[in-house]
Every structure is written in structure tokens, then in C-alpha cells.
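Note that the sequence shown covers residues 13 to 101 in this note's numbering.
Glycine included, each C-beta is placed from N, C-alpha and C at the ideal position.
Everything on this sheet refers to the single structure shown next.
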Amino acid sequence: MFEIWETSEPARLISDAGSLKIALEKVDTMCRLRHDQAAAHVGVSGEGYHFEIRNNEGKALARLTYVPDTTRAYQSVVVDELRGDNGRV
């Protein structure tokens, strides 16, 4: 079991996931949402957004800081090397 946290102040639990692939997909979805919000000028964070994927013991396994670039379309934050199944998370 994995937990997805947004660690910007205040930290909050976003969701949980049964696998790392699903956890990565959920982080990517949150980044896409933050990109869309920034493009709409809603809840803009100049310092970016901070996410963690934690294991069931609460230990951070991965951290990501995402700063939306609204001058271009959203690009996935999950690099191909992390993807499985022919590029699909």
C-alpha cells in the first residue's frame, strides 16, 4: 500500500494506491490538475507543488516538486523509465 501526499503547507493526504504504478499515475493526475489550475489562474503557487509517495510505514519513497509551465501544454511528470507495459502507467 502506498500513500500520496501533497507536502506543501499544510501537508495533506491526497489518496492511497495499491501499487507504485497507480501511485505514480495519481501524482501525474495531481500535477495535471495543478497545471490546469495555474492556466486558469486559480490557486497559483509561485514555489510549486510538493508531492511524496510514501510506503505503508510512512517513509517517503519518492518526492516531486512540480512548477506548472502554462506557456505550453501539460507534459507527464512520469518519465518513460518509470512506466511499465509499453509506456502506460
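- In this structure, the straight-line span from the alpha carbon of residue 80 to that of residue 50 is close to 7 Å.
- For residue 50, the enclosing alpha helix (DSSP H) begins and ends at 32-51.
- Annotation for residue 82: no beta strand (DSSP E) segment contains it, and DSSP assigns it neither H nor E.
- Within the same chain, and ignoring the five residues on either side of residue 76 in sequence, the residues whose Cβ sits closer than 7 Å to its Cβ are 39, 63, 89.
- Taking the CA atoms as reference points, residue 82 sits about 10 Å from residue 46.
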